[in-house]
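Novice:
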Amino acid sequence: MAETAGAHGAGSQGGDHGDEATRRDFLYLTAGAFTVIGGAVAIWPFINSMNPSADVLAAGGPVDVDLTPLEEGQAITVMWRGEPMFVRYRTQAEIEAARETPLDDLIDPQTDEERVKPGHEQYLVVRGICTHLGCVPLGQRQGDERGEYGGWYCPCHGSHYDTSGRIRRGPAPMNLIVPPYTFADDKTVVIGEEGEAAA
Amino acid sequence: MKRITLAAVAAALALAAGPAMAAEEGQQASGHGVEIAAQDWSWDGIFGGFDQQQLQRGYYVYEQVCASCHSLELVAFRNLHDLGFNDEQVQAIASNWTVPDLDQETGQAITRPALPADRFPSPFPNPIAARFANNGALPPDLSVIAKARADGADYLYALLTGYVDAPQGVDVPVGKYYNAAFPGHIISMPPPLSDGRVEYIDGTPATVDQLARDVSAFLMWAAEPALVERKELGVKVILFLIVLAGITYAVKRKVWSDVEH
Amino acid sequence: MSGPSQPSQFTGAVGWIDRRLPVFSYLEKEYRQFPAPRNFNYFWNFGAIATVMLVVMMATGIVLAMQYTPHVDMAFNSVERIMRDVNNGWLLRYLHMNGASMFFIAVYIHIFRGLWYGSYKQPRELLWILGVVLLVLMMATAFMGYVLPWGQMSFWGAKVITNLFSAIPLVGDSITTWLWGGFTVDNPTLNRFFSLHYLLPFVIFGVVILHVIALHVVGSNNPLGIDPKSPRDTVPFHPYYTAKDSFGIVVFLIVYAAFVFFAPNFMGHPDNYIPADPLLTPAHIVPEWYFLPFYAILRSVDFDIWFIDAKLGGVLAMFGALVVLALAPWLDRSPVRSCRFRPVYRWFLVLLVIDLIALGYVGANAPDDEILSGLGITWLDLGHIAMPWYFIHFLVVMPLVGKFERPLPLPLSIRDAVLPTRGGAPMTTAAPSKQA
Chain G
92 MAETAGAHGA GSQGGDHGDE ATRRDFLYLT AGAFTVIGGA VAIWPFINSM
142 NPSADVLAAG GPVDVDLTPL EEGQAITVMW RGEPMFVRYR TQAEIEAARE
192 TPLDDLIDPQ TDEERVKPGH EQYLVVRGIC THLGCVPLGQ RQGDERGEYG
242 GWYCPCHGSH YDTSGRIRRG PAPMNLIVPP YTFADDKTVV IGEEGEAAA
Chain P
1365 MKRITLAAVA AALALAAGPA MAAEEGQQAS GHGVEIAAQD WSWDGIFGGF
1415 DQQQLQRGYY VYEQVCASCH SLELVAFRNL HDLGFNDEQV QAIASNWTVP
1465 DLDQETGQAI TRPALPADRF PSPFPNPIAA RFANNGALPP DLSVIAKARA
1515 DGADYLYALL TGYVDAPQGV DVPVGKYYNA AFPGHIISMP PPLSDGRVEY
1565 IDGTPATVDQ LARDVSAFLM WAAEPALVER KELGVKVILF LIVLAGITYA
1615 VKRKVWSDVE H
Chain H
127 MSGPSQPSQF TGAVGWIDRR LPVFSYLEKE YRQFPAPRNF NYFWNFGAIA
177 TVMLVVMMAT GIVLAMQYTP HVDMAFNSVE RIMRDVNNGW LLRYLHMNGA
227 SMFFIAVYIH IFRGLWYGSY KQPRELLWIL GVVLLVLMMA TAFMGYVLPW
277 GQMSFWGAKV ITNLFSAIPL VGDSITTWLW GGFTVDNPTL NRFFSLHYLL
327 PFVIFGVVIL HVIALHVVGS NNPLGIDPKS PRDTVPFHPY YTAKDSFGIV
377 VFLIVYAAFV FFAPNFMGHP DNYIPADPLL TPAHIVPEWY FLPFYAILRS
427 VDFDIWFIDA KLGGVLAMFG ALVVLALAPW LDRSPVRSCR FRPVYRWFLV
477 LLVIDLIALG YVGANAPDDE ILSGLGITWL DLGHIAMPWY FIHFLVVMPL
527 VGKFERPLPL PLSIRDAVLP TRGGAPMTTA APSKQA
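Read top to bottom, the protein sequences are chains G, P and H. In my numbering, each number is its position in the first sequence, counted from 1, plus 91. In my numbering, each number is its position in the second sequence, counted from 1, plus 1364. In my numbering, each number is its position in the third sequence, counted from 1, plus 126.
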């Protein structure tokens, strides 16, 4: 200690060079780097604790929907992960209306075929949340306003969806989202599980 | 002077940390005056973890013996993955249990097979019913029992193997039992285990000792499922901090080296 | 010295801010240049360590509060849900749970440091009182936090401590009913405790700032207890004490981590893993270790004093224990600060520590149990000696020893005492005469 003080004394502000300075800079850098890395790693548990917890994830497992009571032209709403999922049994006219629409007329171009499962074209399954700001569109119940295109109508800011759940008019930027789902059999749809031949 | 202070502080820290490092999981000295013998457990020590085979055996003991009276309501079937069961096994185990639910159409109370996301159902609908069915005694929930009793798993093992004949002069009321480990010795729970009470799939001889050991381990896991993760992280954190302590000490020495002190 | 119109020593964006809000000047002055006596020992780390613990407690507490449910039917299970289902929830909860104990360890060492080196004496009286206020706030926060998991000890601890207020004459029962928001400790109580448990740390944080401001007005004490007389007696706070504090903090964190990761329930009580049951009192209601000496003082007053009955007496003694601590600056009549130069008082201070440890054991054990079976001495008997001694120490020993003790000669300056003497005997003064 004494020799260090003798060698540098008060002039150690910046006049020194060589091994001593290098060793000190190295120490400071190492200490700083360790503290920064340690601090950054220590923050992660705090952030991660706000991600969905194990029970929340488990409760968000797939739901089975029995389609037997559903008749042509009717729709049902089921809950999955705390949100409404729309299942509509479309009439032939509704399917044709959706398929005949030219892609050029669409805000978010997507064919009807891309939005249903082959062999089960009559069933449209979409997340019942307007892609604008998250309201639940009308159109599930008989007598609901269904908008200009016969699908759904979001009353919050006037978005119109067609019979394929595609956005046609209004402020919403995207079509109603198709959740992962698959058909366990002709009359049972499993929402939340990706089918093998997912479109 | 500096060195003496440093040594004193280090000694004080060691005194504080020593018992902490030596302490067994979930343990505290009991105040009941009953000596509970310490057992060897797989999770003892800094690197100790759970023995999945043992936990699986312990689970079967819970399922076939304890579950008829004791709930485990904080544990979910999905947690059984920790025991080494795969998805299908967990599904199969869950479906053996029924849980209460509501009929989504009629709103009537129904029961349905459990799903992995469900927690273990309670054997009684409420504490009153549990007392009524058990001569007024309430079988406690077992989810955190290993942390809720002084001496933890050692106590559970001692209790389960502690059914002995009452010493002369001790009057055991009808419907009660004598247990060497239970505080006060008079216990309402009938001896739950007997040799061969559970048939182990892995062929381990199902002696009372083995059954008690396995179910105590299972209950330790149920109370502290993050134990293995905790210790693994702890080793890393402490190693990191020791290195950081070394570096900061070197920095401190360096900083002070140009000052006479 | 530096007037408001003086240009900032900083340039660029930092300078722009600093000319309008002199935070950087403040940091520069108070945490970089701030002259600190050059002879701090490692006891001087514990202020910084306590600050770190406060930050850790607030950080973990904020994220835990996002997952916790303050309802009697759900509180226990919501804590267990944190332990089981929330990502890293067990880590955050154990950090918080053991952090409370570690915070108290740091603060108790910090207080002992103040007592040993006379840091409470003139001109630091207000600094000391702010410290006692911090201790009281911490105790209130820790007590209410312990209620939140709604285990057996939570419930019965809450019941016993809130019942203390029923000892107040005339209005006691009204006050307890008001505290509870009901006829007993119940859901309204849990809700308000949660609210206050979240609020008080911010109050503590504010008082810590006052504590630090008060410290920086008069400067730090030091192991010699004499004031720095020249710049040669001090070093700038940064980098000398920032480096030393950093090392101390990391060593403290190692101990903290040892508890969190390898014995997380060592300082807890098993009964608090039993959900609260208003019909069944645990065999022994024991507070957390950091309250044990105070709890022992409460219980050791089991006799009426004149017109004060035992119940009120116990409560008064417990709060009185904190009051006499706050009055230390005026009770101690010695002009010498550091125990290094107080050959008599230092032994009394050691005795006080032993007394507090004894009180801790008294608080942890059932009053009527014998200390050693067969001897016939109960823990309560020990309490009957240790409890009065605590008060005798402050009310009798402190004034009298200060008056009659002959202090050792004090060094002329910190530098003289610290640096190796250059031949000859160390220069000293005679013991200073009593200050006016």
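Using N, Cα and C, we set each Cβ at its ideal position, and we do this for glycine too.
(1) Quick one: what's got a C-beta closer than 6 Å to SER300 of chain H's C-beta in the same chain, skipping five residues either side?
(2) Can SER245 of chain H and ASN347 of chain H be called in contact, C-beta distance under 7 Å?
(3) If you reduce the DSSP assignment to three classes, tell me which class GLU1593 of chain P lands in.
(4) Which residues in the same chain as VAL262 of chain H place their Cβ atom closer than 8 Å to its Cβ, once the five residues preceding and following it in sequence are excluded?
(5) Taking LEU224 of chain G as the reference, give the member of G:MET265, G:VAL169, G:ASP253 and G:VAL178 with the closest Cα.
(6) Expressed to the nearest angstrom, what Euclidean distance is found between the alpha-carbon atoms of LEU485 of chain H and PHE238 of chain H?
(7) Within a Cβ cutoff of 7 Å, which residues of the same chain sit near GLY394 of chain H, ignoring the five residues on either side of it in sequence?
(8) Below 7 Å on C-beta distance, what does PRO365 of chain H contact in chain C?
(9) Listed in chain order, which residues of the stretch 127-161 of chain G have Cβ atoms closer than 7 Å to some Cβ of chain H?
(10) Enumerated in chain order, which unbroken segments of the alpha helix (DSSP H) with a length of 4 residues or greater are wholly contained in the stretch 1538-1607 of chain P?
(11) Under the rule that 16 or more other beta-carbon atoms within 10 Å means buried, what is ARG158 of chain H, buried or exposed?
(12) For GLU1596 of chain P and PHE388 of chain H, I'd like the C-alpha separation in whole angstroms.
(13) By alpha-carbon positions, which one of P:VAL1599, P:ILE1509, P:TYR1519 and P:PHE1604 ends up nearest to TRP1405 of chain P?
(14) Indicate whether TYR272 of chain G and VAL227 of chain G have their beta-carbon atoms separated by less than 7 Å.
(15) Residues of the stretch 381-402 of chain H in Cβ contact with chain G at a cutoff of 9 Å, in chain order, please.
(16) Report the neighbours of ALA1570 of chain P on chain G: residues whose CB is nearer than 9 Å to its CB, in chain order.
(17) Between VAL376 of chain H and ASP1515 of chain P, what straight-line distance do the alpha-carbon atoms span, to the nearest angstrom?
(18) From SER1580 of chain P to GLN201 of chain G, what does the alpha carbon distance come to, in whole angstroms?
(19) How about ARG172 of chain G: is its C-beta nearer than 7 Å to some C-beta of chain P?
(20) Can you list the residues of chain P that ARG468 of chain H reaches, using a CB-CB cut of under 8 Å?
(21) Which two residues bound the contiguous alpha helix (DSSP H) that contains GLY283 of chain H?
(22) Could you give the residue range of the beta strand (DSSP E) that holds ALA166 of chain G?
(23) Please report the straight-line C-alpha distance between VAL207 of chain G and TYR214 of chain G, rounded to a whole angstrom.
(24) At a Cβ cut of 9 Å, what residues of the stretch 182-211 of chain H count as close to chain G, listed as they run along the chain?
(25) Beta-carbon separation of TYR243 of chain H and PRO349 of chain H under 7 Å?
(26) Taking DSSP's pairing of strands, which residues face HIS251 of chain G in a bridge?
(27) Would you call the CB atoms of LEU197 of chain G and ARG257 of chain G closer than 7 Å?
(28) Among P:GLU1593, P:ALA1586, P:CYS1430 and P:GLN1418, whose alpha-carbon lies nearest the alpha-carbon of GLN1342 of chain P?
(29) From what residue to what residue does the beta strand (DSSP E) around LEU1466 of chain P run?
(30) Give every residue of the same chain whose Cβ lies closer than 6 Å to the Cβ of ILE1436 of chain P, excluding the five residues on either side of it in the sequence, and list them in chain order.
(31) In chain order, what residues of the same chain lie with their CB nearer than 6 Å to the CB of VAL344 of chain H, ignoring the 5 residues before and after it?
(32) Just to confirm my understanding: we take PRO327 of chain H, look at its own chain, exclude 5 residues before and 5 after, and list those with CB closer than 8 Å. What are they?
(33) For chain P, find out if any of its Cβ atoms is closer than 7 Å to the Cβ of ALA275 of chain G; answer yes or no.
(34) What runs of the beta strand (DSSP E), each 3 residues or longer, lie entirely inside the stretch 357-398 of chain H?
(35) Count the CB pairs spanning the stretch 182-198 of chain G and the stretch 129-138 of chain G that are closer than 8 Å, and state whether there are at least three.
(36) Whose C-beta lies closer than 7 Å to the C-beta of PHE1488 of chain P among residues of the same chain, with five residues either side of it excluded?
Specialist: Answer, in terms of the structure:
(1) Contacts found: none.
(2) SER245 of chain H places its beta carbon less than 7 Å from that of ASN347 of chain H.
(3) In the structure shown, GLU1593 of chain P sits in a helix (DSSP, three-state: H, G or I).
(4) Residues LEU448 of the same chain have their beta carbon placed closer than 8 Å to that of VAL262 of chain H, with the five preceding and five following residues left out of the count.
(5) The candidate whose alpha carbon is nearest that of LEU224 of chain G is G:MET265.
(6) Inter-residue distance for LEU485 of chain H and PHE238 of chain H is about 16 Å (C-alpha atoms, whole angstroms).
(7) By the criterion of a C-beta distance shorter than 7 Å, GLY394 of chain H is surrounded in its chain by MET223, once the five residues flanking it on both sides are discounted.
(8) Absence of chain C from the displayed structure is noted, the protein chains being G, P and H.
(9) Per Cβ criterion, the list reads PRO136, PHE137, ASN139, SER140, MET141, ASN142, SER144, ALA145 and ASP146.
(10) Listed in chain order, the alpha helix (DSSP H) runs fully inside the stretch 1538-1607 of chain P are 1572-1587, counting runs of at least 4 residues.
(11) So ARG158 of chain H counts as exposed.
(12) Between the alpha carbons of GLU1596 of chain P and PHE388 of chain H lies a distance of about 10 Å.
(13) For the set P:VAL1599, P:ILE1509, P:TYR1519 and P:PHE1604, the Cα lying nearest the Cα of TRP1405 of chain P is the one of P:TYR1519.
(14) The answer is no: Cβ separation not under 7 Å.
(15) For the stretch 381-402 of chain H, which is checked against every Cβ of chain G, not one residue is closer than 9 Å.
(16) Within chain G, no residue has its beta carbon less than 9 Å from that of ALA1570 of chain P; the closest one is some 32 Å off.
(17) Between the alpha carbons of VAL376 of chain H and ASP1515 of chain P lies a gap of roughly 32 Å.
(18) Between SER1580 of chain P and GLN201 of chain G, the C-alpha separation is close to 59 Å.
(19) For ARG172 of chain G, the answer is no, since every Cβ of chain P falls outside 7 Å of its Cβ.
(20) The contacting residues do not exist; ARG468 of chain H stays about 17 Å from chain P at best.
(21) Residues 278-290.
(22) In the DSSP assignment, ALA166 of chain G falls within the beta strand (DSSP E) that extends over 166-171.
(23) If you draw a straight line from the Cα of VAL207 of chain G to the Cα of TYR214 of chain G, it comes to about 7 Å.
(24) Of all residues in the stretch 182-211 of chain H, only ALA185, THR186, ILE188, VAL189, LEU190, MET192, GLN193, ARG207, ILE208, ARG210 and ASP211 come within less than 9 Å of chain G when Cβ atoms are compared, listed by chain position.
(25) A contact, by the Cβ cut-off of 7 Å.
(26) Note: HIS251 of chain G sits in a beta bridge opposite G:TYR244 and G:ARG260.
(27) For the pair LEU197 of chain G and ARG257 of chain G, the CB atoms are nearer than the 7 Å cut-off.
(28) A query on residue 1342 of chain P cannot be resolved here, the shown segment of chain P reaching from 1365 to 1625 and no further.
(29) Unbroken beta strand (DSSP E) run through LEU1466 of chain P: 1462-1466.
(30) The residue you asked about is not Ile; residue 1436 of chain P is Leu in the sequence shown. In the same chain as LEU1436 of chain P, and ignoring 5 residues on each side of it, the C-beta atoms closer than 6 Å to its own belong to PHE1484, LEU1506 and SER1507, in chain order.
(31) So the qualifying residues of the chain are PRO249 and ARG250.
(32) Excluding positions up to five away in sequence, the list reads LEU180, MET183, MET184, GLY187 and THR267.
(33) Judged by the 7 Å Cβ criterion, ALA275 of chain G is not in contact with chain P.
(34) Counting whole runs of 3 or more residues, the stretch 357-398 of chain H contains the beta strand (DSSP E) stretches 360-362.
(35) Contact fails: fewer than three Cβ-Cβ distances are below 8 Å.
(36) ALA1494 and ALA1497, listed in sequence order.
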